[in-house]
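What follows is a single structure, written as structure tokens, with notes after it.
Number of protein chains: 2
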Amino acid sequence: MALLQSFIQVHPDSHFPIQNLPYGIFKPQPTSSPRPGVAIGDFVLDLSEISSAGLFNGPLLNNSDCFQQPNLNKFVSLGRPAWKEALGDYTDFFSSLHHTKNCGLIFRGPQTPVLENWYHLPVAYHGRASSVVVSGTDIVRPRGQAHPAGKPSPYFGPSLKLDFELEMATIVGPGNELGKPVDINNAEDHIFGLVLLNDWSARDIQAWEYVPLGPFLGKNFATSISPWIVTLDALEPFACEAPKQDPPPLPYLAEKVSKNYDLSLEVHIKPVDHKDSSVVTRSNLKHLYWTLTQQLAHHTINGCNLRPGDVLGTGTISGPEPEARGCLLELTWNGQNSLSLNGLDRKFLEDGDEVILTGYAKGDGYTIGFGTCSGKIVPAAP
Amino acid sequence: MALLQSFIQVHPDSHFPIQNLPYGIFKPQPTSSPRPGVAIGDFVLDLSEISSAGLFNGPLLNNSDCFQQPNLNKFVSLGRPAWKEALGDYTDFFSSLHHTKNCGLIFRGPQTPVLENWYHLPVAYHGRASSVVVSGTDIVRPRGQAHPAGKPSPYFGPSLKLDFELEMATIVGPGNELGKPVDINNAEDHIFGLVLLNDWSARDIQAWEYVPLGPFLGKNFATSISPWIVTLDALEPFACEAPKQDPPPLPYLAEKVSKNYDLSLEVHIKPVDHKDSSVVTRSNLKHLYWTLTQQLAHHTINGCNLRPGDVLGTGTISGPEPEARGCLLELTWNGQNSLSLNGLDRKFLEDGDEVILTGYAKGDGYTIGFGTCSGKIVPAAP
Ligand SMILES: [Ca+2]
Ligand SMILES: [Ca+2]
Ligand SMILES: [Mg+2]
Ligand SMILES: [Mg+2]
Ligand code: NI
Numbered sequence: 001m002a003l004l005q006s007f008i009q010v011h012p013d014s015h016f017p018i019q020n021l022p023y024g025i026f027k028p029q030p031t032s033s034p035r036p037g038v039a040i041g042d043f044v045l046d047l048s049e050i051s052s053a054g055l056f057n058g059p060l061l062n063n064s065d066c067f068q069q070p071n072l073n074k075f076v077s078l079g080r081p082a083w084k085e086a087l088g089d090y091t092d093f094f095s096s097l098h099h100t101k102n103c104g105l106i107f108r109g110p111q112t113p114v115l116e117n118w119y120h121l122p123v124a125y126h127g128r129a130s131s132v133v134v135s136g137t138d139i140v141r142p143r144g145q146a147h148p149a150g151k152p153s154p155y156f157g158p159s160l161k162l163d164f165e166l167e168m169a170t171i172v173g174p175g176n177e178l179g180k181p182v183d184i185n186n187a188e189d190h191i192f193g194l195v196l197l198n199d200w201s202a203r204d205i206q207a208w209e210y211v212p213l214g215p216f217l218g219k220n221f222a223t224s225i226s227p228w229i230v231t232l233d234a235l236e237p238f239a240c241e242a243p244k245q246d247p248p249p250l251p252y253l254a255e256k257v258s259k260n261y262d263l264s265l266e267v268h269i270k271p272v273d274h275k276d277s278s279v280v281t282r283s284n285l286k287h288l289y290w291t292l293t294q295q296l297a298h299h300t301i302n303g304c305n306l307r308p309g310d311v312l313g314t315g316t317i318s319g320p321e322p323e324a325r326g327c328l329l330e331l332t333w334n335g336q337n338s339l340s341l342n343g344l345d346r347k348f349l350e351d352g353d354e355v356i357l358t359g360y361a362k363g364d365g366y367t368i369g370f371g372t373c374s375g376k377i378v379p380a381a382p
Numbered sequence: 001m002a003l004l005q006s007f008i009q010v011h012p013d014s015h016f017p018i019q020n021l022p023y024g025i026f027k028p029q030p031t032s033s034p035r036p037g038v039a040i041g042d043f044v045l046d047l048s049e050i051s052s053a054g055l056f057n058g059p060l061l062n063n064s065d066c067f068q069q070p071n072l073n074k075f076v077s078l079g080r081p082a083w084k085e086a087l088g089d090y091t092d093f094f095s096s097l098h099h100t101k102n103c104g105l106i107f108r109g110p111q112t113p114v115l116e117n118w119y120h121l122p123v124a125y126h127g128r129a130s131s132v133v134v135s136g137t138d139i140v141r142p143r144g145q146a147h148p149a150g151k152p153s154p155y156f157g158p159s160l161k162l163d164f165e166l167e168m169a170t171i172v173g174p175g176n177e178l179g180k181p182v183d184i185n186n187a188e189d190h191i192f193g194l195v196l197l198n199d200w201s202a203r204d205i206q207a208w209e210y211v212p213l214g215p216f217l218g219k220n221f222a223t224s225i226s227p228w229i230v231t232l233d234a235l236e237p238f239a240c241e242a243p244k245q246d247p248p249p250l251p252y253l254a255e256k257v258s259k260n261y262d263l264s265l266e267v268h269i270k271p272v273d274h275k276d277s278s279v280v281t282r283s284n285l286k287h288l289y290w291t292l293t294q295q296l297a298h299h300t301i302n303g304c305n306l307r308p309g310d311v312l313g314t315g316t317i318s319g320p321e322p323e324a325r326g327c328l329l330e331l332t333w334n335g336q337n338s339l340s341l342n343g344l345d346r347k348f349l350e351d352g353d354e355v356i357l358t359g360y361a362k363g364d365g366y367t368i369g370f371g372t373c374s375g376k377i378v379p380a381a382p
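Chain order of the listed sequences is B and X. The first sequence begins at 1 in the UniProt record's numbering and counts up one residue at a time. The second sequence begins at 1 in the UniProt record's numbering and counts up one residue at a time.
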């Protein structure tokens, strides 16, 4: 197939060639009002200008004021493409078998690293939507209670086990009505696209609080996402078969086509005052056991309603190799080992560390990418 | 103190006398646009009319168009009073010791019914905001996976253990910035008021899915709230001392005044085709171990930001007596016993059952109440 050509010059390594038209909200000038845009190379196409100039000629868009809005809600409600500046609900799944197994080995030992329910359903918990922030936002080290093994009582202070989690997330396009589940074979139509997601985690706070109702303050202080939503259409050339599931899923989770995407994912850490960052993880979206569509269909099977702009995190994406582990908990085996960042030792994140996620797929002469999802750790409140 | 007199005649048992001015959103006619109002007796005061007529004479309200809106967001952002038609995030706590102990006895047995962390922090999980519905909305019986003990594998079908949970919820007024915790002794200023809340729960779905990340589809199919927010000011005459906490809480949770409210709570069930409902629970808000202000301060101690309109459920409010248990799980001891509803047996909810929560406090010649929070079970999707 001949490469599509854009009138804008785009470097072959750019994440945003003509094959990838991700949607986001931007300001042309720092003082401008926020508006919808599409990234191409180093440029952003201002959809409000295109629309004002009458350049949309489809029946839905040429009479719509959906791009004269400070967010994409109105555009989203028209169909598959979806985006909200103010996001909806945020859910986080637990869909990588390697991550699940490593966490089980670390916390429960070799008896049953993976619990029985995990193989039958995509396990998930609700996260906090208010603290989902865009890439580049500083992350204040959380304070909280922790209770180290062997100590008689818990103490309060800044987290000593601050971690990242390498994830991606589905941004929901059209939602579903309360009480009306989405069929597994239509689930893809409810996905607008994907972003990178860093589910920052305070392991010491999490370990003490999480029984029996799950993670809360160990997670909800911040979650970072990349600013541009890459559509599934742009990712279709990189679709691949998802892992075979054994035991086979119940009929409501059995899909005609079970699809993952071959998308390279990396985590870089840049310590304060260091010129260079170090790659600490190389993983891939194709390692998910439960697919994006299974996650979405499962979420609605009880009648739960999804809304445009909802965020469905995949859970930490770890691969089978030790260097493909998607968080420091796994990489350092809960602080038993150290990572070396150009000679600096790390068990968990330190103040000043910047964590940068990136994701991309290499096509024939072009790259489909997500840009970056970054955040720098700043000291805890006094 | 002489009773305040209203120009509207109000029955002494009315939930909405002049001493209780709860805020909500109403439509004067079914075809009218939604607008903010205050309930008095059987009447609703239309705040948009009062405002248009220039009858607000305070510096904040007389030049504001905050009541010419289809919701109360703008009013909320002015200060303590707060309400959103589209609610923010929803969190559910687990703050009644009696409920926690009963659940622990049922699920884990008499060894450690209450886990160690429970006495040190208000345990909570994030719920689903999209499926919070107003009183009167029908509840579709959820379908999902369950795995009864002794069976080789899970099955899929309508929940067989559908339950209510008697709760109240804080509606957050002014929020806090990400990274800036709310001090425990200022927490009350962030509470606009309270509503009744029914955290519908499918016990069979919940039991199979909840390890290790907490409840998800067993809860997020629906949560009902009462339509009128009763302010803390209206409840102040019914304030009472909260239970002594042992071990003493860490300093960030230690408050100068530790306050509960003496508020009677009841749950009624009305089976389909029955003229009468039966009272199945008589409890009281004063049974909370962790106070509303401790819940709110804890939620923000890691920097998590609350926003106006956020909903913080208390968790099921059970008292010490068997008839004060706040859900069927406890009342029937997970279906081992039956309740009698005027001669009809119940272990869990059946299709057609209407569950009605109510809450009130009796003053001297007047009643402060919440109206009702009701929902009727309709059959599962086919
Ligand atoms: Ca996660
Ligand atoms: Ca609850
Ligand atoms: Mg997070
Ligand atoms: Mg609920
Ligand atoms: Ni949530």
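A virtual CB, placed ideally from N, CA and C, is assigned to each residue, including glycine.
DSSP places phenylalanine 107/B inside the alpha helix (DSSP H), whose first and last residues are 97 to 108.
Taking a beta-carbon distance threshold of 8 Å, arginine 203/B does not count as an interface residue toward chain X.
Put simply, the CB of phenylalanine 348/B is far from chain X, with every gap to its CB atoms at 8 Å or more. When rounded, the separation of the alpha-carbon atoms in serine 159/X and lysine 244/B is 29 Å. Remark: fewer than three beta-carbon pairs, one from each stretch, lie closer than 8 Å, so the region 180 to 197 of chain B and the region 260 to 273 of chain X are not flagged as touching.
Aspartate 92/X has its CB nearer than 7 Å to a heavy atom of ligand 2. Within the chosen limit of 7 Å, ligand 2 does not reach the beta carbon of aspartate 163/X with any heavy atom. Residue-level contact check: phenylalanine 94/B touches chain X, since one or more beta carbons of chain X fall below 8 Å from its beta carbon. Not flagged as an interface residue toward chain X: alanine 297/B, since no C-beta distance is shorter than 8 Å. Cysteine 240/X has Asn260/X as its beta-bridge partners, per DSSP.
At least one C-beta of chain X is nearer than 8 Å to the C-beta of glycine 127/B. Look at glycine 315/B: its beta carbon is less than 7 Å from one of the heavy atoms in ligand 1. Short note on aspartate 89/B: C-beta not closer than 7 Å to any heavy atom of ligand 1.
In this structure, alanine 207/B lies away from leucine 162/B, with their beta-carbon atoms at least 8 Å apart. Threonine 372/B places its beta carbon less than 8 Å from that of leucine 357/B. Aspartate 262/X and alanine 254/X have their C-alpha atoms spaced approximately 21 Å apart. Leucine 87/X carries a coil assignment under DSSP once its states are collapsed to helix, strand and coil.
For proline 251/B, the three-state secondary structure derived from DSSP is helix. For isoleucine 191/X, the enclosing beta strand (DSSP E) starts and ends at 191 to 198. Contact between serine 14/B and threonine 231/B is absent: CB atoms are separated by about 17 Å, not below the 8 Å threshold. Interface criterion met: the Cβ of isoleucine 301/X is under 8 Å from a Cβ in chain B.
Between phenylalanine 216/X and tyrosine 125/B, the C-beta gap is smaller than 8 Å, which places the two residues in contact.
Under the Cβ criterion of 8 Å, glutamate 177/X is not counted among the residues facing chain B.
The three-state secondary structure of isoleucine 301/B, taken from DSSP, is coil. For proline 154/X, at least one C-beta of chain B is nearer than 8 Å to its own C-beta. Where glutamine 206/B is concerned, the enclosing alpha helix (DSSP H) starts and stops at 203 to 209. As a beta-bridge residue in DSSP terms, tyrosine 360/X pairs with Ser264/X, Gly369/X. Look at phenylalanine 238/B: its C-beta is not under 8 Å from any C-beta on chain X. Inter-segment contact for the region 313 to 323 of chain B and the region 166 to 177 of chain B is present: three or more beta-carbon pairs are separated by less than 8 Å. Excluding its 5 nearest sequence neighbours in each direction, aspartate 138/X has C-beta neighbours in its own chain below 6 Å: Lys376, Val378, listed in chain order. Taking 7 Å as the cut-off, one finds at least one heavy atom of ligand 2 near enough to the beta carbon of glutamate 167/X. Sequence-ordered contacts of the region 117 to 143 of chain X with chain B read Asn117, His120, Leu121, Val123, Ala124, Tyr125, His126, Gly127, Arg128, Ala129, Ser130, Ser131, Val133, Val140, Pro142, Arg143 [C-beta pairs closer than 8 Å].
Taken from the Cβ of aspartate 310/B, every heavy atom of ligand 1 lies 7 Å or farther away.
Counting other Cβ atoms within 10 Å of its Cβ, glutamine 295/X reaches 16 or more and is therefore classed as buried. Secondary structure note for glutamate 167/B: its beta strand (DSSP E) is the uninterrupted segment 166 to 172.
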